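Numbering (the numbering used here), first residue to last: 72 to 999.
We treat Cβ as the ideally placed atom computed from N, Cα and C, and that holds for glycine.
Source: prediction; values computed, not measured.
A short worksheet on the structure shown next.
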C-alpha cells in the first residue's frame, strides 16, 4: 500500500469516496481482470466482441466425476451436447490458474496424451503414450487442436494502438524449452498481419487492459486467440521498453495533463538507433556456390523408410456373427459395404473370429474338406493379425466387408420382405509398417539434411528455424509408414526429442490427393504390365523403336534381364522351398507362444519411437517385429500361390516385386532364422525386380512420361508453385522500392480495411495447401501459416534472410513418376525440340540405377545471386540432386557384419547425393 491506497490490482479494496477523491487513471481496469481467472468467461467475452477463438465446447460439473448425459467419450472423439471433437483435441481446465492442459492424440497417429504445464527446468510438456481417456474430476473446455507448425505467438499490447509479437517453439512438439546463455526462453519478434493487429486492438478494448498479453494460434492462414493473460511484459527487448515508455507517457499526459502532451517530444532522448548489421550482406553461402549466392528454397520429395511387407487376406464369409457385424457398422443396410478401422470395431471382429476359430488344429482333417480347411486357416490368420499389439491402431490394420449374396426375409413389422446378406467378402489389409530401421533411416537422413543441405555447417538451419526465418512445411500421404517417416525425419532435421506422435500431429500435414493413389493412371499401367508380361513370357527381344543402341533407355522394356523367362521358373521353385521351411517353423506355434508369453504381444504404438533391434525376440528364435510364424507362413504361402498358377501354367509377373520385397525384408530382419535358399531367391528376384518395377510405370519413355504426368500431376504443380512464390518473394524483398509495413502503431480501422482488401487482392494469385484440395486453387500458399521476423526488434544480423523448405513424403510410385517426368519431359509434343532437363551422361546413369530404395529422394534448391541485376535471368539458379536412398544390398553385408550393423548400413548412402541434373537459370520472367 501507498498512503492507504492498495495498488495490487486483484482484490483491491477502495472506498467509493476515496476513489472519487483520488480519481486515479487505471492502466488496466480491475473488474475485467476477474474474468481472466475463468477460461469459460474469457472465451465468452472474446466471442462477444467478435474476436476469433478455436471451435470449443464446455463441460461443466458441479462435483468431481459427475456423470453428464450430454457428454460422451468414445475411442477417438468426445461429444458434448451433440458437438463432436475428433482427436487430436485439447482439454483445458475451466480454472484459469490451472495450467495442466492436455492434448489427446488419435490411434491413427499412435494415440496417447501430451500434458502441457508451466516450465520446469527445460521442460514444458510430457508425453504419456498410455493415457487415452479424458479427465472427469472437474469442468473443462474442449477445443479443436490447431496445427501451427510447431510455433506459438505471444502478443503484448501497450494501449490499443501498439502490439509487439514474439514467436517461440510450441510446447506441443517435444516439450524441450529453448533457452539462451542467460537462461531465458528463446523468443523472436515477428510481424503481425493487419487482421492480427485489429485483434490486438479488440482484445485491449474488450478487456479494458492497456498493458495486456494474449496467445495467438496461426492455422491455415487464419489466426485465433486461445488465451488472455492480462498484465504482461516482454522479457528481453530494450526497444519494446523504450516504445512502451513513450506510449505510456503519452497516454498519461493525454488523460491528466493534455496541455503538456503536445510539448514533449514523442521519442526518448536516449533512444538508440537501429543496430548496425541489419542488412543482407555477409549471408552468402561459403563454398562452390560463391560468396554472393544465397539459398532461397529447398524442395524435397522423399520415399518412406524401411517397412514390413504389405499384406492382404481375402475370404468369403457366411458366418452369421460376421454378417451381423457388417450390418452393425453399416447402419443395417444389407447391400452396403463396411470398413472397420477403429479399436472398438476391430475388437468386435476379433471377438467374433475367436469364437469361430478352433483353439488348436486337430490334425485329422481329410482332403475332402480342403476348402473348409483353407477357410479356417484364413480366419486363423485374421485372428493372428488382429491379436498383434496391446491395442489397435487403424493406421496399420483395416477390414472391408462387402456383401455378395442376399435372400428375402420377412420384415420385423411383418409388412413385407427385406434383403438379408448370406455371404460377404472380407478383405483384411495389414503390414507395411515402418520398422525400427525405417525410423532410424528417416531420423538420420533428417540429420544429414540439417548438416549438409543448408549453409552454416549444421547450426545454420537450427539458427534459421529458431529465428523464424525458416518457412518449413511438411506434407505426407495418408499411409502410416509415410507419416511416421515424415515425423522421424523432422525429428532429425530440427534436432527434436521424444516420441514421434506429437511431432507428427504438430508438424506433418496429410495430403492424400497429392501424394497418394495410382487411380489416374491405372489404365495405362495395366497396359504397361500386359506388354511387360508379353515381352518376358515370349522371350521377345526388346525392339529399339524410338532410338539407337546409343540410348538403351529408349527401347521397350529397357532394363529387363535377357533370360527373364528362364528366371521365372527358378523363382517359383525357390519360393516354394522357402515357404516349406517357414511352414515347419509355424507348426505348433501356439504351444511355443504359450511357453514364451513375454514375446507373444507386440505393442505397435509403443514401438513408434523405437530405433533398436528386437533383440529379445531374436534371441527367442521369433521373427523380428510383430510378425508371428503363422503370419510369416501366410505371407510366403500367398506369394507361392499367386506367383505361379500350376493348373493354368501361368506366371503372374506383378508378384515379382512382392517376392523381392519379402526376400529383402527377411534377409535384413530375420537372418537369424537361417532360411535355406533365401539368398539365392533374393538374387533371382532382384534381377527380375530391377527390370519389372521401372517398367510398370511405362514400357518406354513416352509411356513413362504419360503415366508419371498423371500420377504426379498435383505434386509437380505444387513444386512449381513453391519455386515461383520463392522467386517472387525474393525479388520483392530485394527491390529497392520495397518497404515492408513494420509500423509500430496500428492503423485506423478505415486504413486497415483498405489494407485487408489490398492484401487479399495481391495474394489471391498465390497457391499452396495443407490438406486435400484441388490444384486449381490459386490461394493455396496464403493458407499456409507464415512467420516473418520483425527486423526492428530482432537482434539478428541478417533479418531479411529467409529460406522456404517444403518436404513431401510419399511412396515409391510418386518417386518413379516424378523422376520419369524430369527425365523425359522434353518428349512431350508441346515441347518438341526442347533440350532435356537431364544431360545424356546422367540419363545413362539413371538407366543403370534400378531400385529407388527406402528414403530415395529428389532435392531442388533455388539460389539467388545478389550481385546480379534483378532483371537478369541468371539471378536465380535451380540445382536438382537425386539419391537412390538406403540402397541396401543385404547379401554383401551378411558376409561381413552382424545383424545390428545391417540396420546401420541402411544409412550408408546418404552422403552420396550427386549433382546429376542439368542446372537451369530461372529469371523473373521465365517459366520454371
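Quick one: grab the DSSP three-state call for residue i.
i, result
"residue 762", "helix"
"residue 404", "coil"
"residue 892", "helix"
"residue 771", "coil"
"residue 306", "coil"
"residue 387", "strand"
"residue 596", "helix"
"residue 544", "strand"
"residue 161", "strand"
"residue 452", "helix"
Which whole-angstrom value describes the C-beta separation of residue i and residue j, a residue pair presumed to lie in contact below a C-beta threshold of 8 angstroms?
i, j, result
"residue 948", "residue 368", "The Cβ separation is near 11 angstroms, so there is no contact."
"residue 386", "residue 424", "So it is not a contact: roughly 11 angstroms between Cβ atoms."
"residue 401", "residue 408", "7 angstroms"
"residue 537", "residue 249", "6 angstroms"
"residue 490", "residue 405", "4 angstroms"
"residue 469", "residue 421", "Their Cβ separation, rounded to whole angstroms, is 14 angstroms, which puts residue 469 and residue 421 out of contact at 8 angstroms."
"residue 893", "residue 878", "About 18 angstroms separates the two Cβ atoms, so there is no contact after all."
Under 8 angstroms between C-beta atoms, does residue i make it to chain D?
i, result
"residue 289", "No chain D appears in the structure shown, which is made up of a single protein chain."
On a CA-only basis, which of the options is nearest residue i? Give me that one, please.
i, options, result
"residue 375", "552, 728, 303, 537", "552"
"residue 261", "558, 473, 222", "222"
"residue 233", "210, 317, 298", "317"
"residue 636", "691, 572, 762", "762"
"residue 1019", "129, 549, 224, 268", "As displayed, the chain neither begins before 72 nor continues past 999, which places residue 1019 out of reach and without an answer."
"residue 624", "634, 587, 602, 773", "773"
"residue 752", "735, 766, 126", "735"
"residue 953", "328, 905, 920", "920"
"residue 300", "228, 320, 330", "228"
"residue 768", "184, 801, 601, 654", "601"
"residue 118", "295, 406, 291", "295"
"residue 306", "320, 256, 805, 263", "256"
"residue 544", "493, 371, 498", "371"
"residue 519", "565, 509, 917, 471", "565"
"residue 643", "656, 596, 587, 715", "715"
"residue 770", "801, 891, 719", "891"
Grab me the residues of residue i's own chain with a C-beta within less than 6 angstroms of its C-beta, minus the 5 sequence neighbours each way, in chain order.
i, result
"residue 740", "695"
"residue 743", "689"
"residue 615", "Confidence at residue 615 is low in this model, with a pLDDT of 41, below 50, so its placement is unreliable and no value can be given for it."
"residue 678", "Its pLDDT being 47, under 50, residue 678 is placed unreliably by the model, and nothing is read from it."
Spatial neighbours of residue i within its chain, please: CB distance less than 8 angstroms, with the 5 preceding and 5 following residues excluded, ordered by chain position.
i, result
"residue 157", "147, 148, 177"
"residue 276", "120, 231"
"residue 797", "367, 368, 875, 933"
"residue 766", "599, 603, 628, 629, 630, 631"
"residue 331", "324"
Using a 10 Å radius around the Cβ and a threshold of 16 neighbouring Cβ atoms, would you call residue i buried or exposed?
i, result
"residue 505", "buried"
"residue 153", "exposed"
"residue 547", "buried"
"residue 297", "buried"
"residue 459", "buried"
"residue 415", "exposed"
"residue 426", "exposed"
"residue 848", "Any reading at residue 848 needs caution, since the residue's pLDDT is 41, under 50, leaving its predicted position unreliable; the model's value is listed next. When all chains shown are included, residue 848 counts as exposed."
"residue 928", "buried"
"residue 199", "exposed"
"residue 169", "exposed"
"residue 475", "exposed"
"residue 269", "buried"
"residue 254", "exposed"
"residue 241", "buried"
"residue 597", "exposed"
Excluding sequence positions up to five away, which residues of its chain have a Cβ less than 7 angstroms from the Cβ of residue i?
i, result
"residue 98", "281, 282"
"residue 713", "723, 726"
"residue 449", "384, 386"
"residue 895", "772, 775, 776"
"residue 649", "707, 746, 748, 749, 752"
"residue 151", "128, 130, 141, 142, 213"
"residue 638", "632, 755, 758, 759"
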